[in-house]
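*Asks:*
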Amino acid sequence: MGKSGKKPRESHRQGRGRRASHFGDEDGDDLPSSAYDAPPRPNEDSSDDNDDTSEATAEDEPERDAEAGEQDQWRAGSMPSKFHLYQLSVQSPKGDISYLQKFFLMYVGGRVPLHLQEDFCGTALLSTEWIRTDARRTAIGLDLDLESLEWCLEHNLSKIGVDGYSRMLLFHGNVLQPKDARLVKQKFSDLVHGLNVNSDNGSGSNSCEQTDLADSKCLANLTMSEATFPGRDIICAFNYSCSCLHSRKDLVLYFRHVCSALSKRGGIFVMDVYGGTSSERKLRLQRKFPSFTYFWEQDEFDIISRQTRISLHFQAGKKQMLKHAFTYHWRLWSIPEIKDCLEEAGFKSVHIWIREMPNTQSSGNTKEYNANRDVKYEESQRFNQGDAWNAYIVGVANI
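1 is the number of the first residue of the sequence shown in UniProt numbering; add one for each residue after it.
#1: Do Ile140 and Ile160 come within 8 angstroms of each other at the CB atom, strictly closer than that value?
#2: Could you give the first and the last residue of the continuous alpha helix (DSSP H) run that contains Glu343?
#3: Grouping DSSP H, G and I as helix and E and B as strand, with all else coil, what is Gln381?
#4: In this structure, how does DSSP classify Asp302 when only helix, strand and coil are distinguished?
#5: Could you check what DSSP says for Asp131 in three-state terms: helix, strand or coil?
#6: Let's test the definition: count the other Cβ atoms within 10 Å of the Cβ of Asp180 and tell me whether it reaches 16, buried, or not, exposed.
#7: Put Gly122 into one of helix, strand or coil per three-state DSSP.
#8: Does DSSP put Lys376 in a helix, a strand or coil?
#9: Evaluate Ile393 with the Cβ neighbour count: other Cβ atoms within 10 Å of its Cβ, from every protein chain shown; 16 or more gives buried, anything less gives exposed.
#10: Taking the C-alpha atoms as reference points, what is the distance between Phe188 and Asp163?
#11: Compute the Euclidean distance between the alpha carbons of Ser158 and Arg382, then round it to the nearest angstrom.
#12: Who are the Cβ neighbours of Cys152 in its own chain at under 6 angstroms, not counting the five residues just before and after it?
#13: So for Ser311, helix, strand or coil by DSSP?
#14: Is Asp143 helix, strand or coil when you go by DSSP?
#15: So Asp250 is in the alpha helix (DSSP H); what residue range does that whole segment cover?
#16: I think Cys242 touches Met224, with their Cβ atoms under 8 angstroms apart; what is that distance to the nearest whole Å?
#17: Assuming Val108 and Val396 form a contact by the criterion Cβ under 8 angstroms, report the distance between their Cβ atoms to the nearest whole angstrom.
#18: Can you tell me whether DSSP reads Leu283 as helix, strand or coil?
#19: Taking the alpha-carbon of Glu226 as reference, which of Cys244, Ser247, Arg182, Asn390 has the nearest alpha-carbon?
#20: Check the DSSP bridge columns for Gly267 and list the partner residues they point to.
#21: Might you give, ordered along the chain, the residues of its own chain that have their beta carbon closer than 6 angstroms to the beta carbon of Phe295, omitting 5 neighbours on each side?
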């Protein structure tokens with residue numbers, strides 16, 4: 001998730017703001033962005049592979065209920081939460097999880113991945129979906145923005161129930177200093193039963209065993225350094241979040257933290273990146289949903305620092321507008337730079353999965369940009385530059 005309107009509290013996040021105004025009168029390029037890997041519409045399949053990792057139709061009911069509630073808010077004349085709009089517009093957790101499982105089985109194998117860590121997690125929608133679909137799974141979310149983490153507890157994790165609170169923990173802190181991150185206190189304290197994280201998968205055990213409510217205080221003010229969790233099978237950093245790290249030193253440091261947290265029995269780190277010629281110029285994207293329109297606004301690109309600013313806006317009709325709901329100050333890392341940093345940090349192998357995105361200069365894309373859901377990610381050794389592309393980068397450790 002991003003922020004706007006404040007000075008950054010830490011090096012990998014920028015401040016958030018809440019400013020509402022009309023959008024669309026500015027001069028600028030109306031072409032859509034190359035950096036938009038759009039989630040499926042409600043009737044589209046969000047999984048990229050038709051395999052046994054796809055979810056049953058019945059499991060989509062909570063999402064439909066959420067969309068109905070969001071539409072009721074629009075009719076009542078109030079703006080839904082910017083976090084809710086972000087999740088509807090940008091995220092596709094089922095598709096990401098499908099690829100995460102595929103990558104793990106391809107490059108590690110030998111067991112089913114159960115333990116996930118989501119860095120730069122924001123509202124931790126991916127982690128919530130991860131534990132929802134398998135009662136054996138656990139998840140850890142880490143983010144610097146406390147507001148988004150608390151929103152997750154109230155609006156995402158609360159839908160899982162008591163069991164969810166025992167299998168997923170959210171930590172507030174900087175990914176460059178993960179050991180100092182502190183557990184986010186559960187607002188629903190009567191649902192907290194502690195987390196049994198004893199495991200033989202390579203990283204020791206936590207001092208807090210599964211307990212009843214009376215003993216759950218052992219989790220209060222817990223830092224990540226004060227407890228040892230299972231070695232993570234998968235750690236991910238999605239929504240281009242590694243672009244928040246602007247120096248090579250910080251990028252390598254982050255990757256080293258990730259590598260040390262992965263299971264000693266083998267684990268993977270997965271991040272996403274975007275690029276193409278259209279990512280290095282000013283442009284704007286819009287995508288319409290049933291009750292609102294989502295805008296991606298890309299500022300000028302500095303070729304020396306390789307930095308740019310991205311702003312996300314939401315609009316309902318002509319009058320309701322949430323401008324600069326999220327603003328990011330990003331450095332666009334190249335794939336070779338990322339690969340070199342991963343290898344320096346200790347990863348044994350790095351794999352690139354990439355797909356071409358629709359051409360932003362095609363006449364059919366000038367009004368609304370929709371990614372072709374039929375175009376799959378493929379592992380590639382070479383890929384010619386084009387207008388727009390999106391990629392998963394997979395680092396494999398401890399095998």
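Glycine included, every Cβ here is placed at the ideal spot set by N, Cα and C.
*Replies:* Result, derived from the coordinates:
#1: no
#2: 335–345
#3: coil
#4: DSSP places Asp302 in strand when its eight states are reduced to three.
#5: Residue identity differs from the one stated: residue 131 is Ile in this sequence, not Asp. Helix, per DSSP.
#6: exposed
#7: Three-state result, Gly122: coil.
#8: In the structure shown, Lys376 sits in coil (DSSP, three-state: anything other than H, G, I, E or B).
#9: buried
#10: Only weak support exists for where Phe188 lies, its pLDDT of 45 falling under 50; the value from the coordinates is given anyway. Phe188 and Asp163: Cα-Cα distance of roughly 13 angstroms.
#11: Whole-angstrom Cα-Cα distance: 44 angstroms.
#12: Thr123, Ala124
#13: strand
#14: strand
#15: Unbroken alpha helix (DSSP H) run through Asp250: 248–261.
#16: Actually they do not touch by this definition, with Cβ atoms about 19 angstroms apart.
#17: With a contact defined as Cβ atoms closer than 8 angstroms, Val108 and Val396 qualify at about 7 angstroms.
#18: strand
#19: Arg182
#20: Ala397
#21: Counting only Cβ-Cβ distances below 6 angstroms, and skipping sequence neighbours, we find Gln286, His313.
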